[in-house]
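Here is the structure we will look at.
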Amino acid sequence: MPHHAQLSRRHFVRSCAVVLGAALVPTRRALASPIPHPTPRPGITGAKVLTREQLGDDPKLVAVFDGVRAIPQVIDGIRCNCGCASTPGYYSLLSCFEGDAMARTCPICQGQAKVAVRLHKEGKSLDDIRVAVDAQFG
Amino acid sequence: MRARVALAALGALGTLALARPSSAQIRASEIGSVSQIVDGTKITVEYSRPRSRGRDPLFGTRAVEWGEVWTPGANYATTLETSKNVKLNGVPVPKGKYSVWFVVRQRGAWTLALDPKAHRYHEDKPDTNAAVVRLPVRVDSAAFTDVLTWSFPEIRADGGTLEFRWERRRVPLRFEVEPSLTVTLAADDARPYLGRYEYREDGRPAAFLVTYDDTARTMKAEWVPNDPYFKRVAMIRVAPDRFVPGLYDRDGKIYEVYRPEMLFEFKREGGRVTALDLRDDADSLQWHATRRP
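In order, the protein sequence lines correspond to chains H and Y.
Here my numbering is used: position 52 in the first sequence is 52, and no number is missing along the way.
Here my numbering is used: position 270 in the second sequence is 1270, and no number is missing along the way.
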């Protein structure tokens, strides 16, 4: 089976999950005008990002959270595009990985974080990362 | 005086009905609503739904008189709310909430009037102020509809049809939404990306061919050999060097954009595009292709 054919079918299923997620979370995502990206808070840390112990035995999920915890000053400067921005306590994409951690189940939160972590490793600036995140998830 | 009291009572009942739509009380015109999102624009119609209750005809009678300015609903005026600017039958309608009115005529087109004062009782007809959006609407014959109904019987990528039905009248309103993405791309902007990108798939060679459609002014791409599912996709630019695919239907219209599920990211060396990555919504690299001369 061609790789891209696999992609289409796999993504059909995954898209359904995204749509289901969208139904639960973000009518707002589709409808709200984009809010500006937040300014990273001085001295922000990843101390509140959930840990392996809190996340359970899901290596992929743990890897995403670990990646976020390592670059809080970057993730705190990115707007989450999943529609959770109006929830209490929200400040940035970093908020999605703390406390109740919507990112545990939200593919949009996870996808944005993965893009940010990869591009940061590639040496991209926060502005470049914001553009890339918005291009795919905005 | 009694008529006034009765009207006030009706108004109060209507208010109660709107304020507490779930309260258990039988209404001649129960409250309903219908919403549709198209490309990020949400359109909602909220209305009280009168039943025919054996009355046939309804139009041209005391129920709805010819020449009347009538809200296509009951009690408080039917409202239409749109989250972004739209066009109805080609007429611009700024985003907002409107009360909805028809000028019903025995022959020829009716007039649709959308009044920015959304909360109006059905007897509180809109005046002729400039803020009211007016447009002629076609009235078709249709099968008998007992309960006054608004619906979205047709959806397209860039709009659809909002339809009114009651008795044997049908009024289709074609709406267009503002596109969230720009599909067209100037030829000069597309030129740096055009070419053949090769990669290996399960150990075998595969390719992705990026071309430009002068007629559609659109950058397009296809797999070689052609993928029967994707066929030839529109490459829609979402950021510098980043594109998402738009899938065409048989009429050559885009019916779905795979975003965020697929992202094509062109890579540059020394300013020149030399490679292409395909990533999914989990940012996993699906393939890395090298540009061939």
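Note that the Cβ used here is the ideal one computed from N, Cα and C, for glycine as well.
| Check | Outcome |
| --- | --- |
| R118(H) at chain Y interface by Cβ criterion, 7 Å | yes |
| Span of the beta strand (DSSP E) around G1159(Y) | G1159 to V1177 |
| As assigned by DSSP and simplified to three states, the class of G66(H) | The residue asked about is misnamed: residue 66(H) is Asp in this sequence, not Gly. Note: D66(H) maps to helix in three-state DSSP. |
| Close beta carbons around A132(H), own chain, < 7 Å, minus the five adjacent residues each side | V115 and L119 |
| Proximal chain Y residues relative to A132(H), where beta-carbon distance stays under 9 Å | A1239, R1242, L1263 and E1265 |
| Min CB distance K121(H) to chain Y below 7 Å | no |
| Which residues DSSP lists as bridging D1277(Y), in chain order | E1265(Y) and H1288(Y) |
| Exposure label - I1043(Y); buried when at least 16 CB within 10 Å | buried |
| Identified DSSP bridge partners for G1195(Y) | V1210(Y) |
| Chain H contact for D1283(Y) (CB, 7 Å cutoff) | yes |
| Residue environment, F1144(Y), which counts as buried when at least 16 other CB atoms sit within 10 Å | exposed |
| Short-range partners of chain Y found in the region 39–73 of chain H, where Cβ spacing is below 8 Å | none |
| Unbroken alpha helix (DSSP H) run spanning R118(H), endpoints | P107 to K121 |
| Beta-carbon spacing of R1242(Y), D1146(Y) below 7 Å | no |
| Neighbour flag for K124(H) against chain Y, beta carbons, 7 Å | no |
| At least 3 beta-carbon pairs within less than 8 Å: the region 1076–1089 of chain Y vs the region 1167–1184 of chain Y | yes |
| Rounded separation between D127(H) and I78(H) - CA only | 9 Å |
| Sub-7 Å separation of E1291(Y) and Y1212(Y) beta-carbons | Note that residue 1291(Y) is Arg in the sequence shown here, rather than Glu. Not in contact: R1291(Y) and Y1212(Y) (Cβ atoms no closer than 7 Å). |
| Between the CA atoms of S1048(Y) and G1032(Y) - distance to the nearest angstrom | 6 Å |
| With 16 other Cβ atoms within 10 Å as the buried cut-off, status of S1284(Y) | exposed |
| Endpoints, alpha helix (DSSP H) assigned at A1239(Y) | Counting along the chain, A1239(Y) falls outside any alpha helix (DSSP H), though it belongs to the beta strand (DSSP E) covering R1232 to A1239. |
| L1181(Y), DSSP secondary structure in three states | coil |
| Backbone secondary structure at Q1025(Y) - three-state DSSP | coil |
| Cross-chain neighbours of P107(H) in chain Y, by beta carbon under 9 Å | P1260, D1281 and A1282 |
| Three-state secondary structure (DSSP) of I75(H) | helix |
| Uninterrupted beta strand (DSSP E) stretches inside the region 1041–1094 of chain Y (no shorter than 3 residues) | 1041–1050, 1079–1082, 1086–1088 and 1091–1093 |
| Chain-ordered chain Y contacts of A103(H) [CB-CB under 7 Å] | By Cβ distance, chain Y contributes nothing, its closest Cβ being about 12 Å from A103(H), past 7 Å. |
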